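Visitor: Shown below is the structure under consideration.
Chains as they are written, first to last, in my numbering: chain D, 1 to 379; chain X, 1001 to 1379; chain Y, 2001 to 2379; chain L, 3001 to 3379.
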């Protein structure tokens, strides 16, 4: 396949996550950065674009103009990566979709449910691909677990325990006020900090592996460290359509945890457990027989998980590789589509805009539950 | 100290837990089995008592008569161990307390809150010692963690995550009907199976380590395997007096877990984590600096934890030793009391009847919450 | 079976290991302490025996007299437990064997090969049982691994890695001179400290699980901390009869390890790994398929391992229980023998005097190898 | 810094390791692939070079010509990456050094000691940079451990245990004869398979972290699976200059291990332990106090380790990132050098050609020791 061309909105000098997107796309090199709008500050955007090797005419300071101009070019970008602050995801994505350009956007997709619904509808109407970078879904072990659930190795799923404890906000931050602007100020961060930022990864990961749809939630969002205006700890009881149950916990005050996303999935025939900090392994325990430790790259892995392994078992793959897998799947699907081939459902092996919408609904409904006194709210 | 004399009610031939009580008392040998009422079947009780080396006149078939007769003897028992099915704990304990005999009883203490309150009142009125065998509180690591909380190493406790997953009831049991009589029949097992049997250990363990008192709960009790009449999985959101929060999960359908009781405690200054399946170790992570792995028997352990270590670090101590520690503390306190010495609060280093009551309140209020639709209920 | 009667030589007030023997025998209560020679100091022995509840006429100050007197009594002891310093094992064991009394002795059995050979011959001639308390062989997981090797699950064993690192002697001991008398003084500790004390456990554990016999060794014994007169670290390359190879490492200066005995066994069809600090579990990895984590008490365990489990999976059993298992097997075999029944080879499920001899040969040959410049020495 | 230009020799279509080099260089994008000689087959080399986006005049079929041509160009490559089979490393590296082009070469550097010595001398004479891709030295945790040793946190190092077990060759390979050509055929693989391929990583990793130099070795190289012509398992006793001791074990028949490189380092003041399969963490246990678990990205890491972290603690970095770190350091140093700045010793933060030579000496001396009957051989 020929390398595709992509553009980026956001991700200017010093922006952590924009750099990660560029680095991880380069690993497989299936797409080339060809245009960008890295900052609203014209000088910043221009000099950064130059540093990245872009011709000056393809470095923009206005994302709307970028969408328009790139759509006109014969060698225009084939997809855009949106890594702006959450608050502007909606406008950016809408602008590119409107011009017929496919999109990859950071999560959470938007602030409001309505905005996400609009993006889902627009992407569908325009027949464009739209990926949302729920990073952790890219790990081969996650794909293997999904395969085991789909193929019936666990029977019907009955209970899920998802947790995502971090400890980095356990103590008051010296510059809590500085941290605030985008973490703790509702005008920037939206309606939730902890649940919105990391709790939503649990929601997506469980949905990815099990396919379960949430029916209702009972949520408690805590502001543990005094003075915080948004949650730094969150507990959610979940009911899924069809009767399965779940329990989610996310936290930024759980000292002793770096980034300890973990899911445990229990079905009629056995249980699965996976921890993001040891991403190459998971355990599967059937109802009869000893616990099994599965290891990425060993022969047991199915083809659809194995194809994302770049190195043999025991040679650790990390977050960058998971990220690169999302792009690999997205770009290969887009390339196929652009070449006129029909996409199979198995080609869409990345988190979609519909999943992005599900995440936004989850966050909003949990906040609603909490605000009403931690009562049950139907999605 | 001279060996004390104890009696046992329940724990006849084939009874698992009665045998554990006798074995673990023998480890330190601070008390000698001197009387028993092992079964309502006279022949069974007699032959079993003989096997245990008891003189026939001290083997009873009626616990009330045993209480009366032993109270009269000069060499009568100084405490009784009650290991009957939960349903009869109340009557047995009451009978011995009434005769002035101290008691050790299995958990949960009773079915109803009123019964437990009555036992608390009676023990107090009679000035007797009353221990409840919440096994896991006996581990030296638990005592060390309690010390660290008490001494302020964690600052104020803010959030607690307690879980107790097991997998042995994940599949329908062949003789589900056989299992029922004491597991799943409300007439025998009481109002809860999973939460009552193992969830209550979380409640006690958290209380032991942190001293936190529960103010309200929001609980969901699930019957995951079809046809069960009582819960086999339970989630509880907890609010403590003073503002701390908690989240408890217990399960018997979590395949891949044998007996994985675990608590994680987060305070202003750091976090603790302990797993019952690796009882000699826990981690402490201060807000600054790397995570610390503490190991029973090493010099870091405080005196009040160290005194329960029987063998050096790295030589595993297990459940029997934890059990023996409860008896060690109970018997030493009782011996001191019987010898006329005044007890210090530090002498009462075992789960008390008041803790037994707290456990019964917790179970009852969780069931109430669940029955009302998983709403918040104040304790 | 009726409780047997046993005596003890050594294990007086303050003696750690003697107390462990008594405690662990009491767990199953299959034998009753009936006589003892706890100290050469008559007063000490007498008062300690009284404390243990022995009649004064059965408390001795001379082990030879004890052997003679007990052999004469109708209710004399049926076996003796020798827990004296290593230097006197030989004389004590010989005295009791000579009087027809079975023996359990601590390891290492004796100092010299000749002494051990003499005990093997005498036990055989007198047709007596003789157990050596290599503690770690008592764990149910060890018995399960032995079963898996015997039943061919691993195919022929090809390579073994055994290690036993401890860290407690990493720093010079303040009272290194005090420690010396029995640790570091060749007149008391014998020819080796680290290899003799803990390295010998590797040798026994590997022999127990695999049945392999050592043909030759190349050993290096290090005195890492300056001023030590005996080894505190030891490496041994091993060749087994039949062509398998091994590598053993024991250390007391490996800071970060409490008591980390571990064996890894590799056969044609798969590998086993077990760590003493997590004694209830081991892993088995067949050549095809994922790694399996076996857990004591689960249904996969074979009958001959399962019978030593006292509590369900996930309820930790520790060193005391392993110790008790050695006594359980020894006492049941002795009871059967004394009742006139013929013993099956499966009844001898404890480390024998022949294994004790193997251990002494191993230690002596390793020291010889080291003294010659770490060259190969045939056993 | 401006992107450098590099060329590659080897790494054609289907070549695993060449692809890894290119991918990991792209992560930081500090150098651009500008020329290559990917295969001796002209058509293969040309079409592969085209696929990689190279102009046809810079795709070669003869490495010697490539060295000459590139040296002449104004925009010629500034360093070459040699990823050919080991047998040709020497000739390739020599050719480029001779033309004044810096080199990065896979390990082991060469077959013979003489060849490696010649490369060391030539690099020095030409004043060129020469890196050897001992991958595992690139992990930030390795750099942090090195820092702790250098800064005295462990005191003098006394004993090192290094091991590298894999299990993928545990069973005879169906196409053992196919595997042979480069694994097991001495004409291709050289004098050792297991020790040469993976054992040498232990040697380099220990040297990197501790700075210790090997004085003598006693090695045993086993051919465990029948019919193999080269070793698949190796044990080495090591003596370092200055008196410290070591024990190394590498294996490809240790079923249950994927790629379990691990080092344990013991000094006067404490111990370190690191496992490659969990590369972001290591433990440090000081002589006093509990064991510490260090985690990449947390504040405890020193600046010289921290600078290689790309993502926060708990977000796993893997082998690709370690590899990228070697290139990052090499390219930054080369850029500095080419710009005329003087290099500090801290700039040379990658495995050098001298370390490559040490590795070749180690392999050759171990083979010599083994061939003489596993006797001690001085380096």
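Where is the CB? At the ideal position from N, CA and C, for every residue including glycine.
As the structure is a prediction and not an experimental result, all values here were calculated from the model.
Could you check whether the Cβ of residue 313 of chain D sits closer than 7 Å to any Cβ belonging to chain L?
Guide: As a working mapping, residue 313 of chain D is identified with position 313 in the first chain. Yes, its Cβ sits closer than 7 Å to a Cβ of chain L.
Visitor: From residue 130 of chain D to residue 354 of chain D, what does the alpha carbon distance come to, in whole angstroms?
Guide: Position 130 of the first chain holds residue 130 of chain D. Position 354 of the first chain holds residue 354 of chain D. Their backbone Cα atoms lie some 9 Å apart in a straight line.
Visitor: Based on Cα-Cα distance, which residue from Y/2014, Y/2148, Y/2219, Y/2335 lies nearest to residue 2273 of chain Y?
Guide: Start at 1 with the first residue of the third chain, and residue 2273 of chain Y comes out as number 273. Checked all of Y/2014, Y/2148, Y/2219, Y/2335; the closest Cα to residue 2273 of chain Y is Y/2148.
Visitor: Answer with yes or no whether the minimum CB distance from residue 3237 of chain L to chain Y is below 7 Å.
Guide: The residue labelled residue 3237 of chain L in the question sits at position 237 within the fourth chain. Residue 3237 of chain L counts as touching chain Y.
Visitor: Please work out which residues of its chain come closer than 6 Å, Cβ to Cβ, to residue 3018 of chain L, disregarding the five sequence neighbours upstream and downstream, and give them in chain order.
Guide: Residue numbering aside, residue 3018 of chain L sits at position 18 when the fourth chain is read from its first letter. 3010, 3011, 3083, listed in sequence order.
Visitor: Which of the residues in the segment 1274-1302 of chain X, read from start to end, lie with their CB under 8 Å from any CB of chain L?
Guide: 1283, 1284, 1288, 1289, 1290, 1291, 1292, 1293, 1294, 1295, 1298, 1299, 1300
Visitor: Report yes or no: do three or more beta-carbon pairs, one from the segment 281-289 of chain D and one from the segment 310-328 of chain D, lie closer than 8 Å?
Guide: These segments do not touch.
Visitor: My parser needs the beta strand (DSSP E) runs of 3 or more residues fully inside the segment 20-72 of chain D; what are they?
Guide: 31-37
Visitor: Look up residue 284 of chain D in the DSSP assignment and say whether it is helix, strand or coil.
Guide: Against the first chain, residue 284 of chain D aligns to sequence position 284. In the three-state DSSP reduction, residue 284 of chain D falls in the strand class (E or B).
Visitor: Taking C-alpha atoms, which residue in D/214, D/108, D/80, D/308 lies nearest to residue 4 of chain D?
Guide: Here residue 4 of chain D corresponds to residue number 4 of the first chain, with the count starting at 1. Of D/214, D/108, D/80, D/308, the residue nearest in Cα terms is D/80.
Visitor: When you measure from the CB of residue 210 of chain D to every non-hydrogen atom of the ligand PLP, does any distance come out below 6 Å?
Guide: In terms of ligand content, the structure shown is empty, and the ligand PLP therefore cannot be addressed.
Visitor: In the DSSP assignment, what residue or residues form a beta bridge with residue 3235 of chain L?
Guide: Translated into positions along the fourth chain, residue 3235 of chain L becomes position 235. Residue 3235 of chain L pairs with L/3220, L/3249.
Visitor: What residues of chain Y sit near residue 1321 of chain X, judged by a beta carbon separation below 7 Å?
Guide: In the second chain, counting from the first residue as 1, residue 1321 of chain X sits at position 321. Residues of chain Y with a Cβ closer than 7 Å to the Cβ of residue 1321 of chain X are, in chain order, 2318, 2320.
Visitor: What would DSSP say about residue 1165 of chain X, mapped onto helix, strand or coil?
Guide: The residue given as residue 1165 of chain X occupies position 165 in the second chain. It is a strand residue.
Visitor: Between residue 1335 of chain X and residue 1066 of chain X, is the Cβ-Cβ spacing less than 7 Å?
Guide: By 1-based counting over the second chain, the position of residue 1335 of chain X is 335. By 1-based counting over the second chain, the position of residue 1066 of chain X is 66. No, the pair does not count as a contact, with Cβ atoms beyond the cut-off.
Visitor: Am I right that residue 3362 of chain L and residue 3244 of chain L are in contact with their C-beta atoms under 8 Å? What's the rounded C-beta distance?
Guide: Taking the fourth chain and counting its residues from 1, the one referred to as residue 3362 of chain L is at position 362. Taking the fourth chain and counting its residues from 1, the one referred to as residue 3244 of chain L is at position 244. Actually they are not in contact, since the Cβ atoms of residue 3362 of chain L and residue 3244 of chain L sit about 16 Å apart, beyond 8 Å.
Visitor: Is it buried or exposed, residue 114 of chain D, if we count other Cβ atoms within 10 angstroms and call 16 or more buried?
Guide: Within the first chain, numbered from 1, the residue matching residue 114 of chain D stands at position 114. Residue 114 of chain D comes out exposed.
Visitor: Based on the DSSP output, what are the partners of residue 2293 of chain Y in its beta bridges?
Guide: Within the third chain, the letter at position 293 stands for residue 2293 of chain Y. Looking at the DSSP output, residue 2293 of chain Y bridges to D/291, Y/2283.
Visitor: Are residue 1356 of chain X and residue 1122 of chain X closer than 7 Å when you measure CB to CB?
Guide: Residue mapping note: residue 1356 of chain X aligns to position 356 of the second chain, counting from 1. Residue mapping note: residue 1122 of chain X aligns to position 122 of the second chain, counting from 1. Against a cut-off of 7 Å, the Cβ pair of residue 1122 of chain X and residue 1356 of chain X comes out as no contact.
Visitor: Kindly indicate if chain L contains any beta-carbon less than 7 Å away from that of residue 23 of chain D.
Guide: On the first chain, residue 23 of chain D is found 23 positions in, with the first residue counted as 1. Judged by the 7 Å Cβ criterion, residue 23 of chain D is in contact with chain L.
Visitor: Within 7 Å (strictly less), CB to CB, does residue 1370 of chain X reach chain D?
Guide: Position 370 of the second chain, counted from the start, is the residue given in the question as residue 1370 of chain X. At a cut-off of 7 Å between C-beta atoms, residue 1370 of chain X does not count as an interface residue with respect to chain D.
Visitor: Is the beta carbon of residue 63 of chain D closer than 7 Å to that of residue 98 of chain D?
Guide: Here residue 98 of chain D corresponds to residue number 98 of the first chain, with the count starting at 1. Here residue 63 of chain D corresponds to residue number 63 of the first chain, with the count starting at 1. In this structure, residue 63 of chain D does not lie closer than 7 Å to residue 98 of chain D by Cβ.
Visitor: Could you spell out where the beta strand (DSSP E) holding residue 2132 of chain Y opens and where it closes?
Guide: Here the question's residue 2132 of chain Y lines up with position 132 in the third chain. Note, residue 2132 of chain Y: beta strand (DSSP E), 2130-2132.
Visitor: Count the other C-beta atoms from every protein chain shown that fall within 10 angstroms of the C-beta of residue 2268 of chain Y, then say buried if there are 16 or more, exposed otherwise.
Guide: Position 268 of the third chain, counting from 1, holds the residue named residue 2268 of chain Y. Flag for residue 2268 of chain Y reads buried.
Visitor: Got a sec: is the Cβ-Cβ distance from residue 2325 of chain Y to anything in chain X below 7 Å?
Guide: Numbered from 1 along the third chain, position 325 holds the residue referred to as residue 2325 of chain Y. Not one chain X Cβ lies under 7 Å of residue 2325 of chain Y.
Visitor: Quick one: what does DSSP say residue 2272 of chain Y is sitting in, helix, strand or coil?
Guide: What you label residue 2272 of chain Y is simply residue 272 of the third chain in a count that begins at 1. Residue state, collapsed to three classes: strand.
Visitor: Could you work out which residue in X/1025, X/1029, X/1048, X/1164 is closest to residue 1036 of chain X when comparing CA atoms only?
Guide: Stepping through the second chain from its first residue, residue 1036 of chain X is reached at position 36. The option with the nearest alpha carbon to residue 1036 of chain X is X/1048.
Visitor: Chain D partners of residue 3026 of chain L, CB-CB under 7 Å?
Guide: Locating residue 3026 of chain L in the fourth chain gives position 26, where the first residue counts as 1. Simply 26, 27, 29.
Visitor: Chain Y beta carbons: is any one of them nearer than 7 Å to that of residue 3222 of chain L?
Guide: For the purposes of this step, residue 3222 of chain L is taken as the residue at position 222 of the fourth chain. True, the Cβ-Cβ gap to chain Y drops below 7 Å.
Visitor: Could you tell me whether any Cβ in chain L is nearer than 7 Å to the Cβ of residue 380 of chain D?
Guide: Residue 380 of chain D lies beyond the stretch modelled for chain D, which goes from 1 to 379, so this question has no answer here.
Visitor: Please work out which residues of its chain come closer than 6 Å, Cβ to Cβ, to residue 1234 of chain X, disregarding the five sequence neighbours upstream and downstream, and give them in chain order.
Guide: Here residue 1234 of chain X corresponds to residue number 234 of the second chain, with the count starting at 1. Here the set comprises 1194, 1195, 1199, 1221, 1250.
Visitor: For residue 1229 of chain X, does the count of other Cβ atoms within 10 angstroms reach 16, so buried, or fall short, so exposed?
Guide: Numbered from 1 along the second chain, position 229 holds the residue referred to as residue 1229 of chain X. Looking at its Cβ environment, which holds fewer than 16 other Cβ atoms inside 10 Å, residue 1229 of chain X is exposed.
Visitor: Which residues, in order along the segment 136-167 of chain D, keep a beta-carbon less than 7 Å from a beta-carbon of chain X?
Guide: Taking 7 Å as the cut-off between beta carbons, the residues of the segment 136-167 of chain D near chain X are 158, 159, 161, 167, in sequence order.
Visitor: Using the Cα positions of residue 1333 of chain X and residue 1296 of chain X, report the straight-line distance between them to the nearest angstrom.
Guide: One-based indexing of the second chain puts residue 1333 of chain X at position 333. One-based indexing of the second chain puts residue 1296 of chain X at position 296. Straight-line Cα distance between these residues: approximately 24 Å.
Visitor: How should residue 3135 of chain L be labelled, buried or exposed, when 16 other C-beta atoms within 10 angstroms of its C-beta is the threshold for buried?
Guide: For the purposes of this step, residue 3135 of chain L is identified with residue 135 of the fourth chain, where counting begins at 1. Its Cβ being crowded by 16 or more others within 10 Å, residue 3135 of chain L is buried.
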